[in-house]
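A short worksheet on the structure shown next.
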Amino acid sequence: MVDYSKWDSLDVSDDEERPRPHVSKFDTPQTVTIGRQEGAQTAPVAPVGDVDMEDADDDEPFETEDDAAEPGEDRREDVLQCRALAERALRNGDAAEGVRLLEKAMRLGGNSCPGVEELLQAARAQLAAATAAAPRSVAAKVDPQQNGGCVEDRYVWSQTKEAVEINLFVAPDTKSKDVQVHISESHLKIAASGQVLLEGDWEFKVCPEEDADWELVSCRGQRALRLLVRKAVMPGGLSVAVWWSRILKGEPSIDVQGIEGRQRDRDKSQEFQKAWGEAHAMFREAVKNRQPIPIDVGQ
1 MVDYSKWDSL DVSDDEERPR PHVSKFDTPQ TVTIGRQEGA QTAPVAPVGD
51 VDMEDADDDE PFETEDDAAE PGEDRREDVL QCRALAERAL RNGDAAEGVR
101 LLEKAMRLGG NSCPGVEELL QAARAQLAAA TAAAPRSVAA KVDPQQNGGC
151 VEDRYVWSQT KEAVEINLFV APDTKSKDVQ VHISESHLKI AASGQVLLEG
201 DWEFKVCPEE DADWELVSCR GQRALRLLVR KAVMPGGLSV AVWWSRILKG
251 EPSIDVQGIE GRQRDRDKSQ EFQKAWGEAH AMFREAVKNR QPIPIDVGQ
């Protein structure tokens, strides 16, 4: 019979987590000695923050929860994450997002990290410049109001023959996880953090997607939710463009008579009718002036 009692003293378990190395932070540069011989190589080690090696391969910055730092709490790592995201937003031209992230970094204790406050001031100046230049830049780019309009500084919208786009202004600190978008063929509801921002019945029916096509963007120097929906096809397969005068029933409307695409369609229709009329008149004139041709059919 085998005596297993000798294994009782071993502190081994399959349920234990694998040990992971832990990297500590140094306040000043350090050196590492490799080997024990004289003249061994040394290599400087740059100061780094505490790192969990399980996540060491994921260098992508992430946004932390917006909780103010408690007295004595060290949240410098969270501040640096927000700063990295803000710098990327500023490089991409999204000054509003950069300001939002840097203001959050300051709430998390950004005063303890040199350069954050100065970067916030620069981002605010960039946002102010973008806002002031917005009316001039609209003419150089695609006009978000093309074939659409602006409704009481709440949203701007535009349309083509096939689709409708809405840019709904939201709070600067709005995040994707706070947004709820519900679309049916006849109804729209957009909410953020439990507050309804826009709701109503579509002016005409749309083709709702399984996953709504929306994203948070910068529009006219403000944070906005961009939503794109496809117009429903006319019954019977008719190739007819339906131009909307408003997004939702009960909302302010525009005059569709001045829509550029509608005018082009009208001009083409008039040209076609004119060409058809001329061709029909020529045909009737030819029939009128036709001379009978005698045919000998024999006896």
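Position 126 of the sequence shown, counting from 1, maps to 126 under the UniProt record's numbering, and the rest follow consecutively. Positions of the beta carbon are idealized from the N, C-alpha and C atoms, including for glycine.
Residue i versus residue j: straight-line alpha-carbon distance, rounded
i	j	result
Glu210	Arg230	12 Å
Arg246	Leu228	15 Å
Met234	Trp243	12 Å
Ala105	Trp214	27 Å
Leu168	Gln159	15 Å
Val287	Ile293	13 Å
Val142	Arg284	Confidence at Val142 is low in this model, with a pLDDT of 38, below 50, so its placement is unreliable and the value that follows should be read with caution. In a straight line, the C-alpha of Val142 is about 49 Å away from that of Arg284.
Glu199	Ala89	30 Å
Glu77	Thr64	10 Å
Lys274	Gly250	39 Å
Glu87	Gln257	45 Å
His280	Lys161	31 Å
Ala125	Thr31	42 Å
Arg154	Gly194	18 Å
Gln291	Gln146	57 Å
Ala40	Ala171	Because the pLDDT of Ala40 is 48, which lies under 50, any placement of that residue in the model is unreliable, and the question is left without a value.
Met282	Ile295	26 Å
Gly115	Gly72	21 Å
Trp276	Ala212	44 Å
Buried versus exposed, by CB contacts within 10 Å (16 or more), residue i
i	result
Arg83	buried
Cys207	exposed
Asp74	exposed
Phe190	Strictly speaking, residue 190 in this sequence is Ile, with Phe absent from that position. Label assigned to Ile190: buried.
Asn289	exposed
Val196	exposed
Asn92	exposed
Val297	exposed
Asn111	exposed
Glu103	buried
Ile259	buried
Asp94	buried
Val45	Bear in mind that a pLDDT of 48 at Val45, under 50, signals an unreliable position, so the number given afterwards is only what the model happens to contain. Under this definition Val45 is an exposed residue.
Ala139	Per-residue confidence for Ala139 stands at a pLDDT of 33, beneath the threshold of 50, marking its modelled position as unreliable; no derived number is given.
Rounded distance between the beta-carbons of residue j and residue i, thought under 8 Å
i	j	result
Leu101	Leu85	5 Å
Ala163	Asp178	Going by Cβ atoms, the distance from Ala163 to Asp178 rounds to 26 Å, so no, they are not a contact pair.
Asp201	His187	6 Å
Ile254	Gly149	5 Å
Leu216	Ser184	Not really, about 22 Å apart at Cβ, beyond 8 Å.
Glu278	Leu248	That belief does not hold up - the Cβ atoms of Glu278 and Leu248 are roughly 44 Å apart, past 8 Å.
Beta-carbon gap between residue i and residue j smaller than 9 Å
i	j	result
Glu117	Arg223	no
Cys219	Val156	yes
Val99	Leu127	yes
Lys205	Ala241	no
Gly221	Ala130	yes
Val181	Pro252	no
Ile166	Arg226	yes
Endpoints, alpha helix (DSSP H) assigned at residue i
i	result
Gln195	Here Gln195 belongs to no alpha helix (DSSP H); instead the beta strand (DSSP E) covers Gln195 to Asp201.
Ala105	Ala95 to Arg107
Asp78	Arg76 to Arg91
N- and C-terminal bounds of the beta strand (DSSP E) containing residue i
i	result
Val151	Gly149 to Val151
Asp213	Asp213 to Cys219
Arg230	Gln222 to Lys231
Lys175	Where Lys175 is concerned, there is no enclosing beta strand (DSSP E), given that its DSSP letter is neither H nor E.
Lys189	His187 to Ala192
Gln159	Tyr155 to Gln159
Glu165	Ala163 to Phe169
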